[in-house]
Structure formats: C-alpha cells, structure tokens
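2 protein chains.
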Amino acid sequence: MSYPVFAVTVDLVVLTVQEGELRVLLVRRGIEPHLDRWALPGGFVHADEDLAAAARRELAEETGLAWPGGHLEQLASYGAPDRDPRGRVVTVAYLALLPDLPAPLAGTDAAAAEWRPIGGQHLAFDHDRILADGVERARSKLEYTPLATAFCPPEFTVAALRQVYEAVWGETIDPRNFHRKATSAPGFVEPTGRSTEGEPGRPAKLYRRGDAALLNPPILRRKDD
Amino acid sequence: MSYPVFAVTVDLVVLTVQEGELRVLLVRRGIEPHLDRWALPGGFVHADEDLAAAARRELAEETGLAWPGGHLEQLASYGAPDRDPRGRVVTVAYLALLPDLPAPLAGTDAAAAEWRPIGGQHLAFDHDRILADGVERARSKLEYTPLATAFCPPEFTVAALRQVYEAVWGETIDPRNFHRKATSAPGFVEPTGRSTEGEPGRPAKLYRRGDAALLNPPILRRKDD
DNA sequence: ACGAGTTATCGTCAAGGTGATGAGAAAAGG
DNA sequence: CCTTTTCTCATCACCTTGACGATAACTCGT
Numbered sequence: 183m184s185y186p187v188f189a190v191t192v193d194l195v196v197l198t199v200q201e202g203e204l205r206v207l208l209v210r211r212g213i214e215p216h217l218d219r220w221a222l223p224g225g226f227v228h229a230d231e232d233l234a235a236a237a238r239r240e241l242a243e244e245t246g247l248a249w250p251g252g253h254l255e256q257l258a259s260y261g262a263p264d265r266d267p268r269g270r271v272v273t274v275a276y277l278a279l280l281p282d283l284p285a286p287l288a289g290t291d292a293a294a295a296e297w298r299p300i301g302g303q304h305l306a307f308d309h310d311r312i313l314a315d316g317v318e319r320a321r322s323k324l325e326y327t328p329l330a331t332a333f334c335p336p337e338f339t340v341a342a343l344r345q346v347y348e349a350v351w352g353e354t355i356d357p358r359n360f361h362r363k364a365t366s367a368p369g370f371v372e373p374t375g376r377s378t379e380g381e382p383g384r385p386a387k388l389y390r391r392g393d394a395a396l397l398n399p400p401i402l403r404r405k406d407d
Numbered sequence: 183m184s185y186p187v188f189a190v191t192v193d194l195v196v197l198t199v200q201e202g203e204l205r206v207l208l209v210r211r212g213i214e215p216h217l218d219r220w221a222l223p224g225g226f227v228h229a230d231e232d233l234a235a236a237a238r239r240e241l242a243e244e245t246g247l248a249w250p251g252g253h254l255e256q257l258a259s260y261g262a263p264d265r266d267p268r269g270r271v272v273t274v275a276y277l278a279l280l281p282d283l284p285a286p287l288a289g290t291d292a293a294a295a296e297w298r299p300i301g302g303q304h305l306a307f308d309h310d311r312i313l314a315d316g317v318e319r320a321r322s323k324l325e326y327t328p329l330a331t332a333f334c335p336p337e338f339t340v341a342a343l344r345q346v347y348e349a350v351w352g353e354t355i356d357p358r359n360f361h362r363k364a365t366s367a368p369g370f371v372e373p374t375g376r377s378t379e380g381e382p383g384r385p386a387k388l389y390r391r392g393d394a395a396l397l398n399p400p401i402l403r404r405k406d407d
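Dropping the structure here:
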C-alpha cells in the first residue's frame with residue numbers, strides 16, 4: 183500500500199476570563215518555522231497516543247497543572263497542503279476553557295507563554311482562523327450549555343457567572359434577569375449554602391456547577407437585528 | 183526531525199431522507215481489513231489535497247454525481263491508536279446532507295453501496311460512533327439552522343420540509359404550528375409563487391431555500407424531560 | 001355531478017418565557 | 001447613622017409556544 187504520509191499535531195485554544203476580559207493562552211515559538219512569532223500551544227501526537235490524550239498532555243505541559251478543572255473538547259481539524267512549510271501536517275484543534283488560574287505558565291518548548299486578550303492577533307500558521315473558530319464555538323456553547331461554569335472556580339457567585347458571559351460575549355447583561363435565568367435553569371448551578379464575606383455590597387450566595395448537560399431554557403445573547 | 187508517521191483519511195456520513203425515513207450511505211468493503219463488512223464511504227487524502235477537497239472528491243465518487251446540491255461540513259476527527267489494524271490512521275469525518283436522489287450509486291472501490299436506515303448497524307472500524315456523532319450533529323443543527331432544506335430538492339412544500347424534521351428527529355410535528363414557524367422565520371424559505379398540482383388534497387405552495395445562515399427563532403424539538 | 005376524504009393554510013387561546021424596571025435586603029465605609 | 005454598593009425578589013407588558021378549531025382547495029370514487 184502506498185498512500186501519502188502525514189504528521190499529526192494537536193493545537194490548543196485555551197481560553198480563560200481574567201479581569202473581566204476573555205483571554206487566550208499563547209506561546210512565543212522558540213524554533214523554526216515562524217520563530218519568535220506567537221502561536222497556539224500544541225505539538226506532535228505521539229506514536230501510540232490518542233488524540234484527546236495528546237491534547238490533555240499538551241495542556242498539562244503548557245499550563246504546568248495536572249488537571250486544573252475546566253473543560254476540554256475537540257474543535258476541528260485543519261489540513262491545507264501548505265499550512266506548514268515542513269511538510270504535510272494535519273492538526274486537530276482542541277478547545278479548553280479554564281478558570282482564572284494564578285498559573286506561572288512555565289514554557290517547556292516555547293520561549294514564553296502568556297495570557298493575551300482576543301483580537302488583532304497575527305499568529306503563526308493558520309492559528310488566527312483556529313482561534314477565531316474556537317472563540318466562536320465558546321460563544322455559541324455558552325448559550326445552550328452550562329459551560330460558562332468551566333471558567334469559574336469550584337464555588338462562585340451568580341455575578342461571577344454573569345461576568346463570564348459578559349466577557350465572552352462582549353456585551354452587558356442585566357443582573358436581575360440573568361439572576362432569574364441562571365438560578366431557574368435546572369441543573370445549571372446548585373446552592374452551597376455559603377455566602378461571600380468581606381466584599382462591598384450585600385453578600386452573594388455561593389453556587390457550584392450543576393449536573394445538567396444542556397441549558398433549558400437557554401441563555402441567549404442579544405441578536406443584533 | 184523525527185515524529186510519528188500517520189495516514190490520513192476522510193470518511194463521510196452521507197444522510198438523506200427517503201420515504202419519510204432517515205438513511206445513510208454505506209458501502210460494503212471490497213478489501214481487507216473488514217472485508218465484506220459495511221462501512222462509511224471514505225478514502226485516503228491525496229498528497230497535495232485539502233481535507234475538504236478530499237471529502238468532496240469522495241462524495242462525488244460514491245454518489246456518482248458531481249455536486250448534487252445539499253450540504254457538506256466537517257464533523258470531527260478520530261484517531262485512536264488501534265482504530266485501524268494497518269497502522270496509525272487518523273480520519274477526518276465529514277457530514278453530508280443530500281436530497282433524495284434517484285442515484286444509481288455506482289461503487290468504484292466498494293463491492294456495493296446502499297442507502298440504509300439508521301440504527302442497529304455494526305459497521306467496520308469505529309464507524310458506528312462516527313455515524314452516531316453525525317446523526318446527532320444533524321439532529322441538533324436542524325434546530326438552529328436552515329439546514330433541513332439541504333435534504334429537499336430546489337423547490338419544495340412546507341409539508342416536505344416538515345417531513346424532513348419528522349424523519350431526522352423521529353417524532354411527529356403539528357403541521358399547523360410548523361407551517362407558522364417555517365414561513366415566519368426570516369430567510370428560512372422563500373415563496374416561488376408556484377404550487378403543486380395533481381396530488382391529493384389542497385395544492386401546496388412551493389418554496390425555495392432562503393439565504394439565512396441561522397434560524398431565528400429556532401425550531402426546537404420536544405425536550406423529553 | 002357530487003359528496004367524502006385529504007391536505008394546506010389561517011385563527012384563536014391559554015401558558016410560559018423575555019426584557020424592562022421598581023423596590024427591598026444586607027453588607028461596607030465614612 | 002446615613003450613603004453607597006451589590007444582591008435578590010417582584011411586577012408588568014409583550015412575544016412565542018403548543019394545542020386545537022375552522023376553513024380552503026384540491027382528488028377520488030361512485
């Protein structure tokens with residue numbers, strides 16, 4: 183049998199919310215091609231490794247954390263013949279959503295790793311498109327799934343959850359209506375009984391993520407007619 | 183540089199609606215491995231070929247039609263180390279939705295090709311899972327996108343569109359409410375001015391697909407609580 | 001020709017979700 | 001103690017939904 187030979191990589195779109203802003207984990211490349219340019223973290227899939235396992239391994243390497251909670255799912259694959267000058271490389275992109283970790287982000291292969299705001303990037307390879315696809319996937323999934331909790335620590339307030347939506351969607355949301363929807367959607371959030379302390383304003387009840395897989399009813403973003 | 187070597191294939195989940203039933207295009211394998219077992223159509227990506235182009239090529243080869251209309255999108259990638267006994271093969275699955283073609287379905291590589299009902303399959307490789315993922319994607323996308331029109335010929339009635347939903351979702355829909363939703367969602371369907379003739383019952387107006395990318399409001403399936 | 005059957009299309013109505021907004025509760029800070 | 005801040009609950013008009021009645025416009029059998 184003679185069929186073309188490929189290399190297969192995984193690339194990661196790792197998103198988090200810091201200071202009310204959606205940010206992506208980027209690395210500065212330490213090797214050619216695209217030396218010194220910013221890129222999504224990623225690497226080659228090992229010989230006997232599942233795709234999802236490779237994604238988890240790369241995520242652990244790049245964040246320096248074994249499993250920081252959050253969410254990891256396959257995004258899409260990209261395989262244009264000229265996307266990598268080294269040869270025929272197909273990449274399977276994964277989307278990760280993480281809470282705001284005070285992570286040191288030790289770079290193993292890369293020269294540097296940083297959380298950067300979304301937008302106006304000029305990344306290596308076709309990573310601009312992969313990033314755009316990942317952000318759009320995240321925005322869309324926040325509507326119909328409880329995935330926003332993946333951006334939050336184990337216990338969080340309704341306001342923190344709302345700020346995730348505002349950061350990811352880039353729009354403001356009425357706190358009163360959001361509170362009604364978030365607490366009434368079955369399985370979205372569950373009360374812990376505890377409350378915040380020591381912060382200005384009335385103390386907020388603390389919640390943890392519920393066990394629903396789908397949000398019913400969904401929390402829709404404003405459709406701009 | 184020494185990194186593992188992969189082969190890359192595309193596999194197709196080609197769905198259509200025939201006789202009010204959702205069906206998938208399957209081929210009987212003419213070569214090892216899994217000789218004589220049913221499988222999704224697919225094949226190796228050529229050396230200088232884009233993934234989407236490979237999917238379109240395979241679709242044209244398997245259906246025997248250049249471009250029968252319909253819809254083609256990437257589904258997901260599958261790359262478990264042991265999924266193909268020939269070695270390390272990663273497959274990029276595509277989902278195609280086609281109108282009911284009276285297609286001969288000439289097999290080029292395969293021993294046979296047929297439209298088969300969904301369910302209770304035992305396909306080669308990990309194709310059972312790929313098929314399940316494809317069907318679920320189709321079911322889900324019918325809610326939020328005008329994709330149901332991809333199952334229809336260029337001109338169709340509201341009833342035909344409703345029967346697509348019923349076949350894909352496997353549930354009955356009230357014709358009156360569906361008519362209201364389908365005709366009121368902007369950009370979903372556009373009237374042609376023509377009507378059906380010679381069929382029993384009141385003649386139905388004919389529509390063609392609109393230009394909307396998203397269905398607003400969506401057409402939701404019954405949530406089974 | 002004509003009624004019966006069939007299918008398409010329009011209308012109505014109550015229940016529930018939505019956005020806009022008011023108002024009270026419960027803390028910190030001066 | 002009063003102001004400010006933030007959280008939480010309540011109200012209201014509007015819209016969409018599902019259930020279902022009613023009518024329109026054809027084919028078919030006799």
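So the sequences go chain by chain: A and B.
So in our numbering the end of the first sequence lands on 407, straight run, no missing numbers.
So in our numbering the end of the second sequence lands on 407, straight run, no missing numbers.
For each residue, glycine too, the CB sits at the ideal point set by N, CA and C.
Worksheet item: Does DSSP put residue 407(B) in a helix, a strand or coil?
Response: Because residue 407(B) sits at a pLDDT of 49, beneath the cut-off of 50, its placement in the model cannot be relied upon, and the following sentence gives the value as read from the coordinates. Coil at residue 407(B), not helix or strand.
Practice prompt. Spell out the partners DSSP gives residue 373(B) in its beta bridges.
Written response: 389(B)
Worksheet item: Does residue 270(A) have its Cβ less than 9 Å from a Cβ in chain B?
Response: yes
Discussion item. Let me make sure I understand the geometry here. Which of 338(B), 191(B) and 319(B) has the alpha-carbon closest to that of residue 231(B)?
Written reply: 191(B)
Practice prompt. State buried or exposed for residue 213(B), treating a residue as buried only when at least 16 other CB atoms are found within 10 Å of its CB.
Written response: exposed
Worksheet entry | Beta-carbon gap between residue 155(A) and residue 345(A) smaller than 9 Å | The structure shown does not extend to residue 155(A), since chain A is modelled only from 183 to 407, so the question has no answer here.
Worksheet item: Between the stretch 234-241 of chain B and the stretch 380-394 of chain B, do three or more beta carbon pairs fall short of 8 Å?
Response: no
Worksheet item: Does the stretch 295-307 of chain A come close enough to the stretch 365-373 of chain A to have 3 or more Cβ pairs within less than 8 Å?
Response: no
Fill in: chain B within 9 Å of residue 243(A), Cβ atoms only
no
Worksheet item: Whose C-beta lies closer than 8 Å to the C-beta of residue 339(B) among residues of the same chain, with five residues either side of it excluded?
Response: 378, 386, 387, 388 and 389
Discussion item. Please report the distance separating the alpha-carbon of residue 260(A) from that of residue 356(A).
Written reply: 38 Å
Worksheet item: Going along chain B, which residues have a C-beta under 9 Å from residue 328(A)?
Response: Ordered by position in chain B, no residue passes the 9 Å Cβ test against residue 328(A), which lies about 15 Å from the chain.
Worksheet item: Ends of the alpha helix (DSSP H) at residue 245(B)?
Response: 233-245
Worksheet entry | Stretch-stretch touch, CB-based, cutoff 8 Å, three pairs: the stretch 396-406 of chain A with the stretch 308-318 of chain B | no
Fill in: Helix, strand or coil at residue 309(B) according to DSSP, with G and I counted as helix
helix
Worksheet item: For the alpha helix (DSSP H) that contains residue 346(B), what are its first and last residues?
Response: 340-351
Worksheet entry | Alpha-carbon spacing of residue 280(B) relative to residue 211(A), whole angstroms | 43 Å
Practice prompt. Figure out for me which residue from 255(A), 361(A), 322(A) and 265(A) has the closest Cα to the Cα of residue 215(A).
Written response: 265(A)
Worksheet item: Would residue 274(A) pass as a contact of residue 204(A) if the rule is Cβ separation under 9 Å?
Response: no
Worksheet item: So, helix, strand or coil for residue 271(A), using DSSP?
Response: strand
Worksheet item: In its own chain, which residues sit with a C-beta less than 7 Å from the C-beta of residue 364(B), not counting the 5 before and 5 after it?
Response: 340, 343, 370 and 371
Discussion item. Tell me the residue span of the alpha helix (DSSP H) that contains residue 364(B).
Written reply: 357-366
Practice prompt. Give the residues from the stretch 218-238 of chain B that approach chain A closer than 8 Å (Cβ to any Cβ), ordered along the chain.
Written response: 226, 227, 228, 229, 230, 231, 232 and 233
Worksheet item: Since residue 317(A) sits in a beta bridge, which residues does DSSP pair it with?
Response: Residue 317(A) pairs with nothing; no bridge assigned.
Worksheet item: Between which two residues does the beta strand (DSSP E) containing residue 225(B) stretch?
Response: 224-226
Worksheet item: If you measure beta-carbon to beta-carbon, which residues of the stretch 245-266 of chain B are closer than 7 Å to chain A?
Response: 256, 258, 259, 261, 262 and 263
Discussion item. So for residue 325(A), helix, strand or coil by DSSP?
Written reply: helix
Discussion item. With distance defined between alpha-carbon atoms, name the residue in 282(A), 295(A), 347(A) and 321(A) nearest to residue 251(A).
Written reply: 282(A)
Worksheet entry | Buried/exposed call for residue 240(B), threshold 16 Cβ in 10 Å | buried
Discussion item. Closer than 8 Å between beta carbons: that is the criterion. Which residues of the stretch 186-203 of chain B meet it against chain A?
Written reply: 186, 187, 188, 189 and 190
Fill in: Straight-line gap, residue 224(B) to residue 366(A) (C-alpha atoms, nearest Å)
46 Å
Worksheet item: Relative to the alpha-carbon of residue 337(A), which residue among 391(A), 242(A), 267(A) and 193(A) has its alpha-carbon at the smallest distance?
Response: 391(A)
Practice prompt. Would you mind sorting residue 218(B) into buried or exposed? The rule is 16 or more other CB atoms within 10 Å of its CB.
Written response: exposed
Discussion item. Which residues does DSSP list as the beta-bridge partners of residue 205(B)?
Written reply: 198(B) and 299(B)
Item to complete: Note down, in chain order, every chain B residue with its Cβ under 7 Å from the Cβ of residue 405(A).
Response: 398
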